[in-house]
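See structure below.
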Amino acid sequence: MLVYVDREAPKLWRKICAETTVEVSLLAENWKIILAGLIFQYIHGLAAHGVHYIHRPGPLLQDSGFLLLPELGQDKSYISETVFSFMFGSFVLWTFHPFLFQSKRICTVLIWCRVLIYLVVSQILRIITFYSTQLPGPNYHCREGSKFARLPHPENALDVLFINFPSGLLYGCGDLIFSSHMIFTLIFVRTYCKYGTKRYIKQFAWLLALIQSLLIIASRKHYTVDIVVAWYTVNLIAFFVDKKLPELPERSAASSSLPLLPLSIREKDGKNKDEHHRLFNGTSGTNAN
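As numbered in this note's numbering, residues 136 to 424 make up the sequence shown, in order.
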């Protein structure tokens, strides 16, 4: 068995190298979109930090979700973050799976270009919304009496630009409508449902998105309206963005996913060469688009 793995290791390495060459060429063409999307993530964090300065704690608003769902409590608030981290990490790993698996249905760079466009449009609307009206935060650290409920006026520009990292990300208040966690969750789920192949994973992903929504409300991190608005806004944004953007080219080397290491058959050598040729041909086809 060890001999077999050692024999197949060069093939896996060639697969990684070939895929890296393809993705680097796509990155060279689309680096501006990737860079702009990443920079805007900082701008979004800066805006969320800025609204914290004008947040004023107050009594909780009447909320249907709070009445229907039992309160988890401050000591169990990590549950929703754990579910979100699992979904975030799983999606990131999936976008990089072509570097290891023989199935080639997506291009990692192009997938992230599309995801970042979804995120930027959603976050622009989110910034406009939570600056339009500031609601008293329902989270425990945003309530009256908490030291994080109000931020002292910044002493200099660096206090704002550094967004008080990392406590500024963990203890933000005022950026409520609509939920940033649900933006990421819904975009990841929609993207996998469109470009993924496993039906049971798609169904499980939507179930997790629903559970995540309920956990956020039960943890009192957002009002129910923040979750409801995220569900229809993100889906509408994705729908209209897909109408404007050209469809991603599907560069499929096989109708089904193959194991990480192919079976030890001599004919596989020829198939692997064809696989690499198809990857490079797919690149030229992408450039044409």
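Where a beta carbon is used, it is the ideal one built from N, C-alpha and C, also for glycine.
Confirm, please, whether the CB-CB distance from Ile189 to Gln258 is below 8 Å.
Locating residue 258 in the sequence shown gives position 123, where the first residue counts as 1. Locating residue 189 in the sequence shown gives position 54, where the first residue counts as 1. No, the pair does not count as a contact, with Cβ atoms beyond the cut-off.
Return the CA-CA distance between Ser315 and Phe283, expressed in angstroms with no decimal places.
Within the sequence shown, numbered from 1, the residue matching residue 315 stands at position 180. Within the sequence shown, numbered from 1, the residue matching residue 283 stands at position 148. Distance between Ser315 and Phe283, taken at the CA atoms: about 19 Å.
Roughly how many angstroms separate the alpha carbons of His288 and Ile298, rounded to a whole number?
Numbered from 1 along the sequence shown, position 153 holds the residue referred to as residue 288. Numbered from 1 along the sequence shown, position 163 holds the residue referred to as residue 298. Distance between the alpha carbons of His288 and Ile298: 13 Å.
Of the residues Asn291, Phe201, Ile262 and Tyr213, which one's Cα is nearest the Cα of Ala182?
The count along the sequence shown starts at 1 and reaches residue 182 at position 47. If you compare the alpha carbons of Asn291, Phe201, Ile262 and Tyr213 with that of Ala182, the shortest gap goes to Ile262.
Suppose the cutoff is 8 Å on Cβ atoms and the five residues either side in sequence are ignored; what does the same chain contact list for Ile252 look like?
The residue labelled residue 252 in the question sits at position 117 within the sequence shown. Non-local C-beta neighbours of Ile252 in its own chain, meaning closer than 8 Å and more than five positions away in sequence, comprise Ile168, Gly172, Val376 and Leu380, ordered along the chain.
Could you name the residues of the same chain whose beta carbon sits closer than 8 Å to that of Gln209, not counting the 5 residues immediately before and after it, in chain order?
By one-based count along the sequence shown, residue 209 stands at place 74. So the list reads Tyr275, once near-sequence residues are dropped.
For Glu290, report the span of its alpha helix (DSSP H) as first-last.
Residue numbering aside, residue 290 sits at position 155 when the sequence shown is read from its first letter. Secondary structure note for Glu290: it is in no alpha helix (DSSP H), with a DSSP letter that is neither H nor E.
Contact check, Phe265 vs Ile312 under 8 Å by CB: the rounded distance?
For this step, residue 265 is matched to residue 130 along the sequence shown. For this step, residue 312 is matched to residue 177 along the sequence shown. With a contact defined as Cβ atoms closer than 8 Å, Phe265 and Ile312 qualify at about 6 Å.
Could you give the first and the last residue of the continuous alpha helix (DSSP H) run that contains Lys337?
Counting from one through the sequence shown, the residue named residue 337 turns up at place 202. Residues Arg334 to Ala353.
Can you tell me which of Lys333, Val363, Tyr367 and Thr320 puts its alpha carbon nearest to the alpha carbon of Ser220?
The count along the sequence shown starts at 1 and reaches residue 220 at position 85. Taking only the C-alpha atoms, the option nearest Ser220 is Thr320.
Please classify Leu343 as buried or exposed, where buried requires at least 16 other C-beta atoms within 10 Å of its C-beta.
For this step, residue 343 is matched to residue 208 along the sequence shown. Classification for Leu343: buried.
Is it the case that the Cβ atoms of Ala365 and Ile318 are separated by a distance below 8 Å?
The residue you call residue 365 lines up with position 230 of the sequence shown. The residue you call residue 318 lines up with position 183 of the sequence shown. Against a cut-off of 8 Å, the Cβ pair of Ile318 and Ala365 comes out as a contact.
Nearest-angstrom Cβ-Cβ length linking Val244 and Asn165, presumed shorter than 8 Å
Taking the sequence shown and counting its residues from 1, the one referred to as residue 244 is at position 109. Taking the sequence shown and counting its residues from 1, the one referred to as residue 165 is at position 30. Distance from Val244 to Asn165 at the Cβ level is roughly 6 Å; contact confirmed, criterion being Cβ atoms closer than 8 Å.
Using only the alpha-carbon positions, how far apart do Ile151 and His232 sit?
Here the question's residue 151 lines up with position 16 in the sequence shown. Here the question's residue 232 lines up with position 97 in the sequence shown. Taking the straight line from one Cα to the other gives about 10 Å.
Residue closest to Lys329, alpha-carbon to alpha-carbon, out of Phe236, Ser348 and Leu383
The count along the sequence shown starts at 1 and reaches residue 329 at position 194. The candidate whose alpha carbon is nearest that of Lys329 is Leu383.
Span separating the alpha-carbon of Phe234 from that of Thr368
Taking the sequence shown and counting its residues from 1, one reaches residue 234 at position 99. Taking the sequence shown and counting its residues from 1, one reaches residue 368 at position 233. Cα-Cα distance, rounded: 33 Å.
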